Amino acid sequence: MQRSILASATRTAMPRMAMRQLLHDANTTSAAPRRSYSTSPPPPPPDKDASPARHAAAANLPSTAESRRSALNLQFSLAMDRLQARALTASQTLNDVTGYSAIEAIKADNDAIEQSLGAAQAQVRSARAAYKTSNTKRAATQREVTTLLARKDTWSPGDLERFTELYRTDHELEGAVGAAQEALTEAEATEQSFNQRLNAGILKRYHEEQIWSDRIRRASTWGTWGLMGMNFVLFVLLQFFAEPWRRRRLVRGVVEHEKDVLEGVRTEMEALKTDLALKMDAALRAGQETPAAAAEEAEVTSVVPTPVAQTAATWGEFLQDPARWKATATDLCSERHIDLRMKDATTLVLQGAMAGAAIVGSIALLAVR
Numbered sequence: 001m002q003r004s005i006l007a008s009a010t011r012t013a014m015p016r017m018a019m020r021q022l023l024h025d026a027n028t029t030s031a032a033p034r035r036s037y038s039t040s041p042p043p044p045p046p047d048k049d050a051s052p053a054r055h056a057a058a059a060n061l062p063s064t065a066e067s068r069r070s071a072l073n074l075q076f077s078l079a080m081d082r083l084q085a086r087a088l089t090a091s092q093t094l095n096d097v098t099g100y101s102a103i104e105a106i107k108a109d110n111d112a113i114e115q116s117l118g119a120a121q122a123q124v125r126s127a128r129a130a131y132k133t134s135n136t137k138r139a140a141t142q143r144e145v146t147t148l149l150a151r152k153d154t155w156s157p158g159d160l161e162r163f164t165e166l167y168r169t170d171h172e173l174e175g176a177v178g179a180a181q182e183a184l185t186e187a188e189a190t191e192q193s194f195n196q197r198l199n200a201g202i203l204k205r206y207h208e209e210q211i212w213s214d215r216i217r218r219a220s221t222w223g224t225w226g227l228m229g230m231n232f233v234l235f236v237l238l239q240f241f242a243e244p245w246r247r248r249r250l251v252r253g254v255v256e257h258e259k260d261v262l263e264g265v266r267t268e269m270e271a272l273k274t275d276l277a278l279k280m281d282a283a284l285r286a287g288q289e290t291p292a293a294a295a296e297e298a299e300v301t302s303v304v305p306t307p308v309a310q311t312a313a314t315w316g317e318f319l320q321d322p323a324r325w326k327a328t329a330t331d332l333c334s335e336r337h338i339d340l341r342m343k344d345a346t347t348l349v350l351q352g353a354m355a356g357a358a359i360v361g362s363i364a365l366l367a368v369r
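If you're matching positions, the sequence shown starts at 1 in full-length UniProt numbering and goes up one per residue.
Now the structure itself:
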């Protein structure tokens with residue numbers, strides 16, 4: 001009966017609220033034209049003193065600062081924006097290729113479930129508070145009813161009315177407690193469902209990330225093996241093909257250069273040999289023409305020491321006397337015969353050969369440079 005009374009009161013209250021809403025809407029709609037046709041005061045005249053301050057404030061606006069930017073600065077900003085967009089696109093493409101986008105979707109679902117779980121927990125707390133409040137009110141009502149029943153024999157008309165009111169209130173609170181308990185049970189079930197879904201999503205994400213990491217590790221391993229194989233192939237190519245070819249090319253170039261140098265040295269040696277042969281022929285012809293003079297000179301040289309020997313001990317006097325220079329030069333180019341040991345002749349020949357080789361080597365080095 002009490003529920004029917006509450007239902008009827010609710011039904012009677014609803015039309016009143018609807019009527020109030022309609023009246024409010026009518027007032028707002030009727031007030032709108034009045035506001036639209038209302039006269040507004042004229043704007044105040046411009047203040048001349050405030051114009052510099054306004055200009056300064058306008059100069060500090062972001063739009064003004066943006067208009068003062070140079071074209072190069074704008075191009076740089078656009079390039080950086082494009083680069084950032086491409087980096088994000090490349091990251092998303094990489095995630096799609098490696099299969100991490102599905103894991104990101106699972107992560108987003110887990111975030112949504114976590115938010116729903118937070119809302120469900122808040123609903124559980126509010127339902128539990130409502131249930132506790134209803135229980136507290138019903139317990140207080142039941143205590144008061146028990147107190148009245150304990151002194152039932154001494155009731156007054158007010159006590160009877162109070163007992164009737166408390167009985168009606170207890171009946172209402174009983175329904176409220178039942179409804180609060182059902183709401184609490186439903187909220188707890190919803191919270192448990194979201195909690196289970198969140199745990200399942202976390203486990204699924206962990207499992208998928210493990211599989212993804214194993215795949216990436218496997219790909220990294222194969223990539224490492226591929227790089228090692230490529231390095232090995234490059235090492236083999238360099239050591240057994242490129243390096244011998246480079247060595248042969250270098251040796252070929254050195255040999256050709258040496259051939260050119262040796263040809264030049266051989267040509268110079270042939271010229272020197274020809275000159276020596278001509279000089280020897282001239283010396284032999286001169287020796288055949290004057291054998292007697294040569295014999296006399298040989299006797300003289302066997303008895304008389306050479307001018308160089310005479311002047312060997314006095315180099316200071318020799319250098320100070322130009323006449324001795326002329327005599328020594330004439331003696332060096334004369335046809336005079338001297339007696340030498342084989343050891344001295346070999347020493348002179350070796351010295352000449354070493355001097356010639358040094359000269360030819362110097363010429364060859366200069367030609368190479």
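All residues carry an ideal CB built from backbone N, CA and C; glycine is no exception. Keep in mind the model is a prediction, meaning the values are calculated, not measured.
For VAL177, count the other beta carbons within 10 Å of its own beta carbon; 16 or more makes it buried, fewer makes it exposed. Which is it?
With 16 or more other Cβ atoms within 10 Å, it is buried.
Kindly indicate which three-state DSSP category HIS337 falls into: helix, strand or coil?
Note: HIS337 maps to coil in three-state DSSP.
Is it the case that the segment 119–128 contacts the segment 187–202, given that we only count it when at least three CB pairs across the two stretches are under 8 Å?
Because the criterion of three Cβ pairs below 8 Å is met, the segment 187–202 and the segment 119–128 touch.
What's the call for LEU272, buried or exposed, on a 16-neighbour Cβ count within 10 Å?
Under this definition LEU272 is an exposed residue.
How far does the alpha helix (DSSP H) with LYS204 in it extend, from its first residue to its last?
Segment 157–237, the alpha helix (DSSP H) holding LYS204.
Applying the 10 Å Cβ sphere with the 16-neighbour rule, what's the burial state of VAL97?
It counts as exposed.
Would you tell me roughly how many angstroms separate the C-alpha atoms of ALA112 and ALA187, rounded to the nearest one?
Going by the C-alpha atoms only, they are around 18 Å apart.
State the DSSP-derived secondary structure class of ASP321, mapped to helix, strand or coil.
Coil, per DSSP.
Determine, using beta-carbon pairs with one atom in the segment 169–184 and one in the segment 132–139, whether at least three such pairs fall under 8 Å.
Result yes; three or more Cβ-Cβ pairs closer than 8 Å.
Quick one: Cα of LEU278 to Cα of MET269, how far?
C-alpha separation (whole angstroms): 14 Å.
Residues in its own chain within less than 6 Å of ALA130 by CB, not counting five upstream and five downstream?
Result list for ALA130: ALA180, in chain order.
Find out if the Cβ-Cβ distance for the pair THR169, THR141 is shorter than 9 Å.
Yes, these two residues count as a Cβ contact at 9 Å.
So, does the segment 102–110 touch the segment 200–207, judging by three or more C-beta pairs under 8 Å?
Enough Cβ pairs lie closer than 8 Å, so yes.
Where does GLY99 fall in DSSP's three states?
Coil at GLY99, not helix or strand.
Do ILE363 and GLY226 come within 9 Å of each other at the CB atom, strictly closer than that value?
No.
Measure how close the beta-carbons of ALA286 and GLU317 come, nearest whole angstrom, since I'm counting them as under 8 Å.
No, ALA286 and GLU317 are not in contact; Cβ-Cβ is about 32 Å, not under 8 Å.
Can you give me the Cβ contacts of LEU166 inside the same chain, cut-off strictly under 6 Å, excluding the 5 residues immediately before and after it?
Hits under 6 Å: THR141, GLU144 and VAL145.
When DSSP labels each residue in this structure, what does ARG151 get in the three-state scheme?
ARG151: coil per DSSP, three-state reduction.
For VAL124 and LEU74, what's the separation of their Cα atoms in angstroms?
VAL124 and LEU74: Cα-Cα distance of roughly 55 Å.
Is it buried or exposed for ASN110, if we count other Cβ within 10 angstroms and need 16 for buried?
Classification of ASN110: buried, given that the 10 Å Cβ count is 16 or more.
Here's the rule: buried if 16 or more other CB atoms are within 10 angstroms of the residue's CB, otherwise exposed. What is LEU332?
LEU332 should be labelled exposed.
Can the beta-carbon of VAL368 be found less than 9 Å from the beta-carbon of HIS257?
In contact: VAL368 and HIS257 (Cβ atoms closer than 9 Å).
Assuming GLU174 and ARG128 make a contact with CB atoms under 8 Å, what is their CB distance in whole Å?
Not really, about 18 Å apart at Cβ, beyond 8 Å.
Counting along the chain, where does the alpha helix (DSSP H) carrying ALA353 start and finish?
Run containing ALA353: 342–368, per the alpha helix (DSSP H) assignment.
Can you tell me the Cα-Cα spacing of ARG151 and GLU161, whole angstroms?
So the alpha carbons of these two residues sit roughly 14 Å apart.
State the Cα-Cα distance for the pair THR328 and LYS343, rounded to the nearest angstrom.
So the two alpha carbons sit approximately 24 Å from each other.
Cβ of THR146 within 8 Å of any heavy atom in the ligand FMN?
Absence of the ligand FMN from the depicted structure is noted, as is the absence of any ligand whatsoever, leaving it without description.
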